[in-house]
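Q: Just so you know, our numbering puts 255 at position 269 of the sequence shown, and the rest follows in order with no gaps.
Yeah, the Cβ is synthetic: ideal placement off N, Cα and C, and Gly gets one too.
Here's a structure for you.
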Amino acid sequence: MNQDRLRLDLAELAEEVTPVDLRDRALRTSRRLGIQRAVATSAAALVVLAAATGTAFAIRPDGQAPVPAPAGPSVTSTWPPVEVSPTPEASASADPTGSPARPPVALAGTRYYLETTPTKARIHAVRGNSDQVVHQIAYAATHGCEWNTLTVSPDGKRVAWVQDSTDNDASGVLLAGTTGEPGAMTLLDDVNCLGPRPLVWEGSDLLMVQRKSGQSVLFDVAANKRVNGDPGQETDRCWSADGRWLAAVADGKPYVADEAQSRQYTYTPPKDEAAHWDGWQARSVSMDGRYVSVGWVGTDPSRRDDSFAVVDTTSSKVVDLPGSGDIRSIMFTADDQVIVRRASGISVLDSSFTPLGTVAESASVRTMRLLAYAP
């Protein structure tokens, strides 16, 4: 009896079930997936088109057609054409995954070099793969006032030099101009052009010079006027790139100072090398005033742009710089980096002297003096 009842219930249940066409369901699923793939493919194509044309699109989540997003301001950057053969730049390290090397980030700004020939002095602006002559002056004497004084402001916007006079290359007229533009304006006469650093920038507007009489003069190049007041009896002056910190010597004692503080430090150069020079002086100051790079003073009255060591003015200890090879110069930059120039190229360090990268220099640039770096 129970078995007969069970068979009847199963028969009634079977009649209520709707047959399913599996082939029809598979076709519907296939069509739906095809539509989704088409939408995704169209969206990807629009992204590529937007990247090529500079147009941004917003993709609607419901799969409908994309709508153009509001356009932002357009910015165009240019750089003057290259006048000299391209210079190889920072070497990029390859990605460990095997993808192409990433572009270097070390020293993305402009380096300014001084090239001298028997008749001309040229300022080279090296940026990326561009090496361009942005200023040049002619002179009669190979080692005259122009050769010994031509300088670039820390921001790279101004050039200044002393034009030779008739007193046997000892003094002349102070001139200044704008980098990349012809012409110059006369600032001051009877300016001394002898010594390792006859013209010294305090920031990018003020220039410290010395008259033929020995008097120090601080001149505002931007305003074309002399700054009132004597800066003091210091010698061997050198300022940080922003002009805040001064490194100088007073009463035979080196020190660093800003408007709020001052501290003395000591440095004893290597004895075996010191015998060949007429002392040393600070050549560059870090942005916080803690470190100075030092260089030799020659036995003849000609310019010196090189340096060979870094001294911590808070401890009077020499900093152990990473890298190998003879050091040509050490420069503290306005963006808190340290440029260590060697025969093999440039090592770039951060403010704690941790390596950031390297920059290769072309054979022609390698023979020039590095005057400034503008971020």
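Quick check on D153: buried or exposed, where buried means 16 or more other Cβ atoms within 10 Å of its Cβ?
A: As a working mapping, residue 153 is identified with position 167 in the sequence shown. It counts as exposed.
Q: Measuring only the C-alpha atoms, how far is S139 from G343?
A: Counting from 1 along the sequence shown, the entry for residue 139 is found at position 153. Counting from 1 along the sequence shown, the entry for residue 343 is found at position 357. Taking the straight line from one Cα to the other gives about 25 Å.
Q: Within 10 angstroms of the Cβ of L357, are there 16 or more other Cβ atoms? Answer buried if so, exposed if not.
A: Position 371 of the sequence shown, counted from the first residue, corresponds to residue 357. Result: buried.
Q: Have a look at D228 and V296 and give me their C-alpha separation to the nearest angstrom.
A: Here residue 228 corresponds to residue number 242 of the sequence shown, with the count starting at 1. Here residue 296 corresponds to residue number 310 of the sequence shown, with the count starting at 1. So the alpha carbons of these two residues sit roughly 19 Å apart.
Q: Which ranges would you report for the alpha helix (DSSP H) in the region 131 to 191 if only whole runs of at least 4 residues count?
A: Segments of the alpha helix (DSSP H) lying fully in the region 131 to 191: 131 to 135.
Q: Identify every residue that forms a DSSP beta bridge with A295.
A: Reading the sequence shown from its first residue, position 309 is the one you call residue 295. DSSP, once it has assigned bridges, lists V280 as partnering A295.
Q: Between which residues of its own chain and V283 is the CB-CB distance below 7 Å, once the five residues before and five after are set aside?
A: Position 297 of the sequence shown, counted from the first residue, corresponds to residue 283. If we look at V283 and ignore the five residues flanking it on each side, its Cβ neighbours are P182, W263, D264, G265, W266, Q267, R290.
Q: Have a look at Q219, R197, L174 and flag the residue whose alpha-carbon is nearest the alpha-carbon of D206.
A: The residue labelled residue 206 in the question sits at position 220 within the sequence shown. Among Q219, R197, L174, the Cα nearest to that of D206 is on L174.
Q: Looking at the strands, I want to know which residues DSSP matches up with Q323.
A: Locating residue 323 in the sequence shown gives position 337, counting from the first residue. Answer by DSSP bridge pairing, in chain order: D336.
Q: Can you give the beta carbon distance from L335 to V326, rounded, assuming they're within the 8 Å contact cut?
A: For the purposes of this step, residue 335 is identified with residue 349 of the sequence shown, where counting begins at 1. For the purposes of this step, residue 326 is identified with residue 340 of the sequence shown, where counting begins at 1. Indeed, because the Cβ distance is near 6 Å, the residues count as touching under 8 Å.
Q: Please state whether DSSP places E245 in a helix, a strand or coil.
A: Residue numbering aside, residue 245 sits at position 259 when the sequence shown is read from its first letter. Reduced to three states, the DSSP call for E245 is coil.
Q: Output needed for A218: all residues of its chain with C-beta closer than 6 Å, excluding positions within five of it in sequence on either side, in chain order.
A: Counting from one through the sequence shown, the residue named residue 218 turns up at place 232. Checking the displayed sequence, the identity of residue 218 turns out to be Gly instead of Ala. None.
Q: Using only the alpha-carbon positions, how far apart do Q196 and L204 sit?
A: The count along the sequence shown starts at 1 and reaches residue 196 at position 210. The count along the sequence shown starts at 1 and reaches residue 204 at position 218. Each residue's alpha carbon lies about 9 Å from the other.
Q: Once the 5 residues before and after S350 are set aside, which same chain residues still bring their CB inside 6 Å of it?
A: Translated into the one-based positions of the sequence shown, residue 350 becomes position 364. Excluding sequence neighbours, S350 sits near nothing in its chain.
Q: Does DSSP put A346 in a helix, a strand or coil?
A: Along the sequence shown, one-based indexing puts residue 346 at 360. Coil, per DSSP.
Q: Which of the three DSSP states is assigned to V33 in this structure?
A: For this step, residue 33 is matched to residue 47 along the sequence shown. Below a pLDDT of 50, predicted positions are generally treated as unreliable, and V33, at 34, falls in that range; the measurement from the model is reported next regardless. Three-state result, V33: helix.
Q: Is the CB-CB distance between S270 and S288 below 8 Å?
A: As a first step, residue 270 is located in the sequence shown; it is residue number 284 there, counting from the start. As a first step, residue 288 is located in the sequence shown; it is residue number 302 there, counting from the start. Not closer than 8 Å, so no.
Q: Out of curiosity, what's the CA-to-CA distance linking L160 and V148?
A: For the purposes of this step, residue 160 is taken as residue 174 along the sequence shown, with counting starting at 1. For the purposes of this step, residue 148 is taken as residue 162 along the sequence shown, with counting starting at 1. Those two C-alpha atoms are separated by around 4 Å.
Q: Count the other CB atoms, across all protein chains shown, that sit within 10 Å of the CB of N178; report buried if there are 16 or more and exposed otherwise.
A: On the sequence shown, position 192 is the one that residue 178 refers to. The residue in question, N178, is buried, as its Cβ has 16 or more Cβ neighbours within 10 Å.
Q: Short check: CB of A111 to CB of T96, under 8 Å?
A: Position 125 of the sequence shown, counting from 1, holds the residue named residue 111. Position 110 of the sequence shown, counting from 1, holds the residue named residue 96. Their beta carbons are under 8 Å apart, which means A111 touches T96 by this criterion.
Q: Cβ of L193 within 8 Å of Cβ of L185?
A: Position 207 of the sequence shown, counted from the start, is the residue given in the question as residue 193. Position 199 of the sequence shown, counted from the start, is the residue given in the question as residue 185. Yes, the pair counts as a contact, with Cβ atoms nearer than the cut-off.
Q: Report the residue from A234, T285, D306, A170 whose alpha carbon sits nearest the alpha carbon of T252.
A: Sequence index remark: in the sequence shown, residue 252 carries index 266 (1-based). Measuring from the Cα of T252, the nearest candidate turns out to be A234.
Q: So if DSSP puts K106 in a beta bridge, which residue, or which two residues, is it bridged to?
A: By 1-based counting over the sequence shown, the position of residue 106 is 120. K106 is bridged to A124.
Q: For R230, does the three-state DSSP call read helix, strand or coil?
A: Counting from one through the sequence shown, the residue named residue 230 turns up at place 244. Coil at R230, not helix or strand.
Q: If you draw a straight line from the alpha carbon of P361 to that of K143, how long is it in whole angstroms?
A: Taking the first residue of the sequence shown as position 1, residue 361 is located at position 375. Taking the first residue of the sequence shown as position 1, residue 143 is located at position 157. Their Cα atoms are separated by approximately 12 Å.
Q: Give the single residue among Q250, H121, R230 whose Cα lies nearest to the Cα of K239.
A: For the purposes of this step, residue 239 is identified with residue 253 of the sequence shown, where counting begins at 1. When only C-alpha atoms are compared, the closest one is Q250.
Q: Counting only the same chain and skipping the five closest in sequence on each side, list residues whose C-beta sits under 7 Å from that of R230.
A: Numbered from its first residue, the sequence shown carries residue 230 at position 244. Counting only Cβ-Cβ distances below 7 Å, and skipping sequence neighbours, we find D244.
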